[in-house]
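Sequences listed follow chains A and B, in order.
Take the first sequence: its position 89, counting from 1, is numbered 89 in UniProt numbering, and each next residue is one higher.
Take the second sequence: its position 96, counting from 1, is numbered 96 in UniProt numbering, and each next residue is one higher.
Here is the structure we will look at.
Number of protein chains: 2
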Amino acid sequence: MYAQTSIQIELPSVFPRQAPTASPEGSVAHPVSFFSPGSEIYAQGEKAKAVYQVEFGAVRIYRLLADGRRQISAFHFAGETFGFEGDITHHFFAEAINSTGVRVFRVGSGTDLSHHLLPLALKGLTRAQEHLLVLGRQNAIERVAAFLLDMAERQGDLRQIDLPMSRIDIGDYLGLTIETVSRVFSRLKEKGVIRLHSLRRIEVLKRDALRAMGE
Amino acid sequence: MYAQTSIQIELPSVFPRQAPTASPEGSVAHPVSFFSPGSEIYAQGEKAKAVYQVEFGAVRIYRLLADGRRQISAFHFAGETFGFEGDITHHFFAEAINSTGVRVFRVGSGTDLSHHLLPLALKGLTRAQEHLLVLGRQNAIERVAAFLLDMAERQGDLRQIDLPMSRIDIGDYLGLTIETVSRVFSRLKEKGVIRLHSLRRIEVLKRDALRAMGE
DNA sequence: CGGATCCTTGATGACCGTCAACGTGTGTGG
DNA sequence: CCACACACGTTGACGGTCATCAAGGATCCG
Numbered sequence: 001m002y003a004q005t006s007i008q009i010e011l012p013s014v015f016p017r018q019a020p021t022a023s024p025e026g027s028v029a030h031p032v033s034f035f036s037p038g039s040e041i042y043a044q045g046e047k048a049k050a051v052y053q054v055e056f057g058a059v060r061i062y063r064l065l066a067d068g069r070r071q072i073s074a075f076h077f078a079g080e081t082f083g084f085e086g087d088i089t090h091h092f093f094a095e096a097i098n099s100t101g102v103r104v105f106r107v108g109s110g111t112d113l114s115h116h117l118l119p120l121a122l123k124g125l126t127r128a129q130e131h132l133l134v135l136g137r138q139n140a141i142e143r144v145a146a147f148l149l150d151m152a153e154r155q156g157d158l159r160q161i162d163l164p165m166s167r168i169d170i171g172d173y174l175g176l177t178i179e180t181v182s183r184v185f186s187r188l189k190e191k192g193v194i195r196l197h198s199l200r201r202i203e204v205l206k207r208d209a210l211r212a213m214g215e
Numbered sequence: 001m002y003a004q005t006s007i008q009i010e011l012p013s014v015f016p017r018q019a020p021t022a023s024p025e026g027s028v029a030h031p032v033s034f035f036s037p038g039s040e041i042y043a044q045g046e047k048a049k050a051v052y053q054v055e056f057g058a059v060r061i062y063r064l065l066a067d068g069r070r071q072i073s074a075f076h077f078a079g080e081t082f083g084f085e086g087d088i089t090h091h092f093f094a095e096a097i098n099s100t101g102v103r104v105f106r107v108g109s110g111t112d113l114s115h116h117l118l119p120l121a122l123k124g125l126t127r128a129q130e131h132l133l134v135l136g137r138q139n140a141i142e143r144v145a146a147f148l149l150d151m152a153e154r155q156g157d158l159r160q161i162d163l164p165m166s167r168i169d170i171g172d173y174l175g176l177t178i179e180t181v182s183r184v185f186s187r188l189k190e191k192g193v194i195r196l197h198s199l200r201r202i203e204v205l206k207r208d209a210l211r212a213m214g215e
């Protein structure tokens, strides 16, 4: 699709939707790598040798079945940290969704990050387990509602949500097909719950209705 | 259902199906609590103040929706550690499935367990994310196959698997109803893939067939 | 402006949930 | 030791939800 580009550049944080968490090692300078849309940050089976903090853009973490079915287990946006799924070897793929800048913190070799990583791992664990409830026990409307609420919350609970990812990504995150995602969006529009300014920019008109659906 | 019983007794490990992991604090003696079937170990909303190691028996971790739908996110058996879902406050319930002994390691108050907890949290994270793939992208047969393979692996890959949990628990773990679980078991019997010695004791006759299904 | 990708909408059917009835296993008390 | 009762599990009939297949429309890029 896209060739992987991993240029080492120093960039300021452009879209800090969320205050970046404190740098694991404080004042030490760490390189920012730039990834073009669709390019791979790491692959399943690779040795995990760093953790990554999103400076701008968005990242998807996913796994594949042999026949190509894909499950996105998490999205990560500006300020969020990822890269510790799997102790030694990555069990997942990480890809840039858009043009994305990622700050790299090399792990191992003396420095001890476990104090910083534990809370991040626990947060990831909680998120994953909450997502299990969505995939295991909620229907299509409830899944989309939960997704929109989560996106809204992570963007500061504004009325406007922008979705950096495609419908395919949303479907593969929610365990649905893109057609079902699209139909649910249409139904939510009909009901006056949301409004689409563009394909990837959504306004939430009735937050309570969403909450009632997403539980 | 059952009254909660939490008697502080010292018990030897009875069913060490798996070698217990090293005690987080080595030589210090820690109490073993006994829980009767169905009794609560901790509840959603409680402050997390300990981690727990299963001595014998089995534990289910789950979450509920308002209308009672339940999603079991994990089972834990002898030798396994749980209790760190949620940083400060538990976001989940933990219940004993059978008569279960649990060794309690209190957290906080000086002692620093983060070095011990991080690998456990990462393992839990990986398991949860793998389970996301099952719930999001696999059909009923594939889910049950994956479940049986996981159970077999955690019991040392013997031909005989014993399931400490009910069909309801299996259904709530796999995002299926008990009827569907039952039907899949029957189909696997018809195909000669498994054999039921009793309701909760299963013999795997064709491991390869299971692998082909569970991916 | 043109082409490709992404998204939407419709028709159809498969899979699995629901409801219901029956079978099986387990524990208790007579 | 047997009888009974209750929880658990199985099987069948049916319907709803969502996947699949297909076509057309919107959007974005050069």
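Even glycine gets a Cβ: it sits at the ideal position worked out from N, Cα and C.
DSSP state of residue i mapped onto helix, strand, coil
| i | result |
| --- | --- |
| residue 72(B) | strand |
| residue 30(B) | coil |
| residue 213(A) | helix |
| residue 130(A) | helix |
| residue 64(A) | strand |
| residue 43(B) | coil |
| residue 38(B) | coil |
| residue 57(A) | coil |
| residue 50(B) | strand |
| residue 121(A) | helix |
| residue 79(B) | coil |
| residue 13(B) | With a pLDDT of 33 at residue 13(B), under the threshold of 50, the predicted position of this residue should be treated as unreliable, though the coordinate-derived value follows. The answer is coil: DSSP assigns residue 13(B) none of H, G, I, E or B. |
| residue 107(A) | coil |
6 Å Cβ shell around residue i - same chain, five flanking residues per side excluded
| i | result |
| --- | --- |
| residue 168(A) | 178 |
| residue 76(A) | 54, 59, 82 |
| residue 43(B) | 93 |
| residue 134(B) | 143, 146 |
| residue 22(B) | Residue placement at residue 22(B) is poorly supported in this model, since its pLDDT is 46, which falls under 50; the coordinates are not used for a value here. |
| residue 215(B) | none |
| residue 63(A) | 71, 92 |
| residue 120(B) | 81 |
| residue 173(B) | 72 |
| residue 170(A) | 181 |
Inter-residue CB distance, residue i and residue j (contact presumed, cutoff 8 Å)
| i | j | result |
| --- | --- | --- |
| residue 175(B) | residue 136(A) | 3 Å |
| residue 103(B) | residue 53(B) | 4 Å |
| residue 122(A) | residue 84(B) | 6 Å |
| residue 101(A) | residue 34(A) | 6 Å |
| residue 132(A) | residue 166(B) | About 19 Å separates the two Cβ atoms, so there is no contact after all. |
| residue 124(B) | residue 125(A) | 5 Å |
| residue 41(B) | residue 96(B) | 6 Å |
Beta-carbon contacts of residue i that lie in its chain and below 7 Å, excluding the five residues immediately before and after
| i | result |
| --- | --- |
| residue 207(B) | none |
| residue 45(B) | 89, 90 |
| residue 99(B) | 36, 37, 57 |
| residue 149(B) | 210, 211, 214 |
8 Å Cβ shell around residue i - same chain, five flanking residues per side excluded
| i | result |
| --- | --- |
| residue 201(A) | 160, 161, 162, 163 |
| residue 216(A) | Summary: the structure shown does not reach residue 216(A), with chain A confined to residues 1 through 215, and so no result is reported for it. |
| residue 197(B) | 160, 203 |
| residue 209(B) | 191, 193 |
| residue 151(B) | 161, 163 |
| residue 158(A) | 152 |
| residue 195(B) | 189, 202, 203, 205 |
beta-carbon residue i near the ligand COA non-hydrogen atom, thresh 7 Å
| i | result |
| --- | --- |
| residue 193(B) | In the structure shown, the ligand COA is absent, as is every other ligand, since no ligand is present at all. |
Inset, instruction - Starting from the N-terminal side, write out each stretch of the beta strand (DSSP E) that is 3 residues or longer and does not extend beyond the UniProt domain "HTH crp-type" (138 to 208) of chain B. - result: 160 to 162, 194 to 198, 201 to 204
Inset, instruction - Output, in sequence order along the chain, the residues in the UniProt domain "HTH crp-type" (138 to 208) of chain A whose CB is closer than 7 Å to any CB in chain B. - result: 175
Legend entry - Contact residues within the segment 119 to 138 of chain A, judged by C-beta distance below 8 Å to chain B: 119, 121, 122, 123, 124, 125, 126, 128, 129, 130, 131, 132, 133, 135, 136, 137, 138
Inset, instruction - Could you list the residues in the segment 42 to 66 of chain A with a C-beta less than 7 Å from some C-beta on chain B, going in chain order? - result: 63, 65, 66
Legend entry - Short-range partners of chain A found in the segment 69 to 83 of chain B, where Cβ spacing is below 9 Å: 69, 70, 71, 72, 73, 74
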